[in-house]
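Our numbering puts the first residue of the sequence shown at 1, with every later residue one more than the last.
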Amino acid sequence: MPANVEDAKIAARYAKALFEQAEETDALDEVMADIEAVRDVLEGVPDFPIFLANPGIPRPEKLDFLKKHVESKVSKVVGNLLRLMVENDRMAVFPVLVEKYRTLLDERNNVATAEVITAEALDGDLESRLRNSLKSLYGYSDVNLEKKVDPAILGGAIVKIRGKIIDGSLSGRLESLRRHVG
Numbered sequence: 001m002p003a004n005v006e007d008a009k010i011a012a013r014y015a016k017a018l019f020e021q022a023e024e025t026d027a028l029d030e031v032m033a034d035i036e037a038v039r040d041v042l043e044g045v046p047d048f049p050i051f052l053a054n055p056g057i058p059r060p061e062k063l064d065f066l067k068k069h070v071e072s073k074v075s076k077v078v079g080n081l082l083r084l085m086v087e088n089d090r091m092a093v094f095p096v097l098v099e100k101y102r103t104l105l106d107e108r109n110n111v112a113t114a115e116v117i118t119a120e121a122l123d124g125d126l127e128s129r130l131r132n133s134l135k136s137l138y139g140y141s142d143v144n145l146e147k148k149v150d151p152a153i154l155g156g157a158i159v160k161i162r163g164k165i166i167d168g169s170l171s172g173r174l175e176s177l178r179r180h181v182g
């Protein structure tokens, strides 16, 4: 579910604070794994987010549940974050927090995510060559590819990476030709 602007700002503040705490204890990757696991539970057990968001359930009961069932399975910093978010009725922004934390971690590690749209699914060799080309072209340590298939582009690819768009699609080239000719 898309977050509104205010929720995105709240999630970004929580993510930044969590990132700073994880950085202090050299636990950035461990915290990432923990919050992804919590997000997966929230998404996989529909009653869990409803329970945490239910104003009819007293906050101490929610905190006790977290302590018994979640905190022992995650790092202390993530346990503290969850407790704080429940106390402040902010668990609804948790999925967005995970995205924001991932962005901070990727920026620190010089990793980019590229959305790649092709007319047909990429094979392993082409995917590897594209990843290596993007790493070399932009100087990233690594590039994660989010692949989408859209037959409407006819051929080639459209790549979106950190605010840049590279349109190497056949439909894009035809459109450019139409503008120049017409």
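Virtual Cβ for every residue (Gly too), placed ideally from N, Cα, C.
Model, not experiment: these values are computed from the prediction.
- Secondary structure note for Ala112: its beta strand (DSSP E) is the uninterrupted segment Val111 to Thr118.
- Glu61 has its alpha-carbon roughly 11 Å from the corresponding atom of Pro55.
- C-alpha of Lys147 to C-alpha of Gly124: approximately 12 Å in a straight line.
- Judged by DSSP secondary structure, Val5 falls within the alpha helix (DSSP H) whose first and last residues are Val5 to Glu24.
- Only buried fits Ala157, as 16 or more other CB atoms lie within 10 angstroms of its CB.
- Annotation for Val78: Leu18, Val31, Asp34, Ile35 and Val38 place their beta carbon closer than 8 Å to its own, counting only its chain and skipping 5 residues before and after.
- By the Cβ criterion, the region 72-86 is not in contact with the region 5-13, since fewer than three pairs of Cβ atoms, one from each stretch, lie closer than 8 Å.
- If you draw a straight line from the Cα of Ile57 to the Cα of Phe51, it is about 7 Å long.
- As a beta-bridge residue in DSSP terms, Ala157 pairs with Thr118.
- Here DSSP, grouped into helix, strand and coil, assigns Asn88 to coil.
- Around Asn144, the same chain offers Thr113 as residues with beta carbons nearer than 6 Å, after the five sequence neighbours per side are excluded.
- A contact is defined here as three or more CB-CB pairs under 8 Å, and the region 123-140 fails this definition with respect to the region 168-175.
- Note on Asp40: under 16 other CB atoms within 10 angstroms of its CB, so exposed under the neighbour-count rule.
- In this structure, the straight-line span from the alpha carbon of Ala22 to that of Ala119 is close to 41 Å.
- Leu28 sits away from Leu84, with the two beta carbons spaced by 7 Å or more.
- Contact check for Lys160 and Glu115: beta-carbon distance about 4 Å, within the 8 Å limit, so the pair qualifies.
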